[in-house]
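This report concerns only the one structure given below.
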Amino acid sequence: MKSPVRTRFAPSPTGYLHIGGARTALFNVLFTLQHKGEFLLRIEDTDLERSSEVYTQNILEALNWLGLDYYGETIAHQSKRIEIYREYALRLFEEGKAYRCYCSQEELEAARKAQMKARKPPKYPGTCRDGRSERELGGAPYALRFKTPKEGETTFEDIVKGPARFANEELEDFVLLRSDGSPTYNLCVVVDDYEMGITHVVRGDDHFVNTSKQVLLYGALGLATPKFAHVPMILGADRQRLSKRHGATSVQAYKETGYFPQALVNYLARLGWSHGDQEVFSFEELVQKFRLEDVGKSPAVFNPQKLLWLNHVYMKSIPVQEIAGRLLPFMKERGIEADNGPELWGRIDTLRERSKTLVEMADWIGFYYAQNVEYEPRASERYLRPEILSALEALKENLQQIEKLDEEAAKRAFSGVLEAYGLSLGELAQPARVALTGGTVSPGIFEVIAAMGKSRALKRLQEAIAFIRAKGSGPLD
RNA sequence: GUCCCCAUCGUCUAGACGGCCCAGGACACAGGCCUUUCAAGCCUGAAACGGGGGUUCGAAUCCCCCUGGGGACGCCA
Numbered sequence: 002m003k004s005p006v007r008t009r010f011a012p013s014p015t016g017y018l019h020i021g022g023a024r025t026a027l028f029n030v031l032f033t034l035q036h037k038g039e040f041l042l043r044i045e046d047t048d049l050e051r052s053s054e055v056y057t058q059n060i061l062e063a064l065n066w067l068g069l070d071y072y073g074e075t076i077a078h079q080s081k082r083i084e085i086y087r088e089y090a091l092r093l094f095e096e097g098k099a100y101r102c103y104c105s106q107e108e109l110e111a112a113r114k115a116q117m118k119a120r121k122p123p124k125y126p127g128t129c130r131d132g133r134s135e136r137e138l139g140g141a142p143y144a145l146r147f148k149t150p151k152e153g154e155t156t157f158e159d160i161v162k163g164p165a166r167f168a169n170e171e172l173e174d175f176v177l178l179r180s181d182g183s184p185t186y187n188l189c190v191v192v193d194d195y196e197m198g199i200t201h202v203v204r205g206d207d208h209f210v211n212t213s214k215q216v217l218l219y220g221a222l223g224l225a226t227p228k229f230a231h232v233p234m235i236l237g238a239d240r241q242r243l244s245k246r247h248g249a250t251s252v253q254a255y256k257e258t259g260y261f262p263q264a265l266v267n268y269l270a271r272l273g274w275s276h277g278d279q280e281v282f283s284f285e286e287l288v289q290k291f292r293l294e295d296v297g298k299s300p301a302v303f304n305p306q307k308l309l310w311l312n313h314v315y316m317k318s319i320p321v322q323e324i325a326g327r328l329l330p331f332m333k334e335r336g337i338e339a340d341n342g343p344e345l346w347g348r349i350d351t352l353r354e355r356s357k358t359l360v361e362m363a364d365w366i367g368f369y370y371a372q373n374v375e376y377e378p379r380a381s382e383r384y385l386r387p388e389i390l391s392a393l394e395a396l397k398e399n400l401q402q403i404e405k406l407d408e409e410a411a412k413r414a415f416s417g418v419l420e421a422y423g424l425s426l427g428e429l430a431q432p433a434r435v436a437l438t439g440g441t442v443s444p445g446i447f448e449v450i451a452a453m454g455k456s457r458a459l460k461r462l463q464e465a466i467a468f469i470r471a472k473g474s475g476p477l478d
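To convert, take the position in the first sequence, counting from 1, and add 1; that gives the numbering used here.
See below:
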């Protein structure tokens with residue numbers, strides 16, 4: 002049985018997959034999954050100059066990372082279908098719905114400038130619309146232009162923007178085939194969307210105006226139009242269309258800076274779409290609740306801080322095993338080798354509340370693995386002092402006695418010392434923290450001890466003790 | 001310049017039928033609480049219906065104008 006819904010994501014491989022493209026893909030996937038339809042991928046690589054296989058690979062990888070690779074085995078490449086588009090174009094020509102245009106780039110450019118100057122809409126003046134046979138006979142190169150009706154209007158229904166109408170008069174005779182014979186975008190999309198059986202075209206708002214031209218083409222070719230949904234653009238903080246100068250815009254950049262794909266997907270979904278007051282959605286929930294009708298009509302400003310917050314939300318709830326898997330590469334970058342096992346999991350657990358990204362976490366986690374603790378000068382100066390020496394020794398003694406050194410046990414070891422020496426927890430915790438981590442900031446001290454493991458904790462305490470002794474035995478300060 | 005679209009806190013947004021909205025949530029921000037450090041968490045606060053006309057007993061919600069923003073104007077996609 003034929004699926005009632007069939008969508009596609011059609012990026013052109015002229016750059017990395019960016020946030021906007023990712024959101025378009027996401028909306029397509031959510032809509033399709035909800036309707037148990039089919040989602041296809043089409044690479045629009047007809048611009049041989051700018052298209053690159055490298056970008057195609059990047060797009061595929063990014064979609065995979067985001068978990069949006071629901072397209073099947075077959076990926077359509079427009080560059081391999083050139084002949085098909087030409088056939089459609091030629092058919093239009095034979096039926097008198099398209100004509101040969103011999104105008105040169107210079108002529109067109111001059112005409113455009115003149116029109117702009119005259120406060121008129123810049124569009125093809127129609128020079129060749131009724132034939133220019135003298136040049137035709139000369140065998141000059143020509144482009145094939147679509148003969149746009151001069152009257153009437155073209156209408157279509159847009160699921161997010163509502164009914165749309167354009168006066169045909171405003172539309173120009175656009176090019177179908179370039180003078181080198183290659184097909185142009187508007188022709189290719191129409192032919193492909195038809196041949197691929199696309200029922201819903203969900204794409205960026207920047208294609209909204211093109212849609213009228215495409216609808217005209219569908220009509221001329223005698224094809225039924227699919228349904229359209231144009232999702233609003235994503236803007237930078239300056240309200241300009243998001244671009245490289247707004248910082249990280251590629252999906253890859255977010256992967257590299259330690260974001261979870263779940264968080265990015267969640268954030269992107271909420272940009273332009275909402276479901277009451279809900280902020281956090283699992284993918285399944287999105288599939289269940291997403292509706293194209295609920296997508297807003299106005300462009301949205303990308304807010305990196307909110308994404309960061311969401312990432313932290315996910316950091317706190319994603320299973321440690323998964324975090325470990327994603328964290329390992331970042332640790333490796335920092336020269337830390339570890340196994341994805343209980344020891345790592347325990348350490349991650351102590352860090353997740355205070356790490357917003359995997360990069361932050363990888364920076365934090367280093368102290369657990371370091372061969373030698375390096376004391377921050379100010380920290381050791383302030384906390385590793387002779388006054389605390391005996392208390393630290395006592396603490397070490399207490400810890401040594403414990404067989405299973407978990408948080409609770411560590412806490413008991415501390416209590417004993419505090420009582421014996423009349424210290425407050427802070428008075429002992431800070432020196433211990435410096436001894437174990439090298440700095441004054443870390444997860445809770447009991448957690449650190451438990452996650453670090455007994456032998457390493459004892460070793461570090463001993464080193465701190467020796468450090469204080471060495472300092473104390475020097476000349477008086 | 002021409003055409004199209006849009007318009008609620010700094011940002012993302014909630015807001016079916018106009019009264020439940022002197023406008024709710026989230027991020028960020030400020031203050032407080034908690035506290036072994038830093039975070040986190042919790043509580044509180046400041047913060048918006050762009051302006052002007054209508055329609056109506058009553059408008060953030062409907063209509064018009066202005067202003068502002070975005071998109072498109074390629075033999076790019």
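C-beta atoms are modelled at their ideal positions from N, C-alpha and C, and glycine is treated no differently.
Taken atom to atom, the span from the alpha-carbon of S356 to that of K118 is near 57 Å. For K162, the closest alpha carbon among the candidates Q215, P233 and E464 is that of P233. The alpha-carbon of Q253 is positioned some 25 Å away from that of S275.
In the three-state scheme derived from DSSP, where H, G and I count as helix and E and B as strand, F147 is classed as strand.
C-alpha of A270 to C-alpha of L27: approximately 7 Å in a straight line. If only complete runs of 4 or more residues are kept, the region 281-334 shows the alpha helix (DSSP H) at 284-290, 305-318 and 321-334, in order along the chain. When C-beta atoms of the region 386-398 are compared with those of the region 429-444, three or more pairs fall below 8 Å, so the two segments count as touching.
A99 is positioned such that its CB atom lies closer than 9 Å to that of A90. Across the structure, L172 and G68 are spaced so that their CA atoms are roughly 39 Å apart.
The criterion of a C-beta distance shorter than 9 Å is not satisfied by I319 and Q279. Separation of W346 and E338 (C-alpha to C-alpha, rounded to the nearest whole angstrom) is 14 Å. Taking a C-beta distance under 9 Å as the contact criterion, L31 and F291 qualify as a contact pair. Secondary structure of H208 (DSSP, three-state): helix. In the DSSP assignment, C102 is bridged to A144. DSSP, read as helix, strand or coil, puts I76 in strand.
Every unbroken stretch of the alpha helix (DSSP H) spanning 4 or more residues and falling wholly within the region 329-388 is given here in chain order: 343-352, 359-370 and 378-384.
Burial state of D206 is buried, judged by a 10 Å Cβ sphere holding 16 or more other Cβ atoms.
Residue range P262 to R271 is occupied by the alpha helix (DSSP H) that includes V266. In this structure, DSSP gives P432 a helical state, which the three-state scheme calls helix. Sorting H201, E152 and D174 by C-alpha distance to the C-alpha of I160 places H201 at the top.
Membership of V232 in any alpha helix (DSSP H) is not indicated; the residue belongs instead to the beta strand (DSSP E) covering K228 to V232. Contact annotation, A392 with I403: C-beta distance approximately 17 Å; criterion of less than 8 Å not satisfied.
Secondary structure note for G417: its alpha helix (DSSP H) is the uninterrupted segment E408 to Y422.
With respect to the 9 Å criterion, P14 and T57 are classified as neighbours on the basis of their beta carbons. Excluding its 5 nearest sequence neighbours in each direction, L34 has C-beta neighbours in its own chain below 6 Å: V288, listed in chain order.
Judged by their CB atoms, F157 and P164 are nearer to each other than the 9 Å cut-off. In this structure, A23 keeps its C-beta atom at 9 Å or more from the C-beta atom of I44. One alpha carbon belongs to A238, the other to V55, and they sit about 29 Å apart. Take the alpha-carbon of Q372 and the one of V321: they are about 24 Å apart.
When beta bridges are read from the DSSP output, R242 appears opposite L236.
For the pair W310 and V302, the Cα-to-Cα distance works out to about 16 Å. Counted as a single uninterrupted DSSP element, the alpha helix (DSSP H) harbouring I85 occupies residues I83 to E95. When DSSP reads this structure, T8 sits in a beta bridge with F40.
One alpha carbon belongs to E375, the other to E464, and they sit about 11 Å apart. Collapsing the DSSP output to three states places E158 in a strand.
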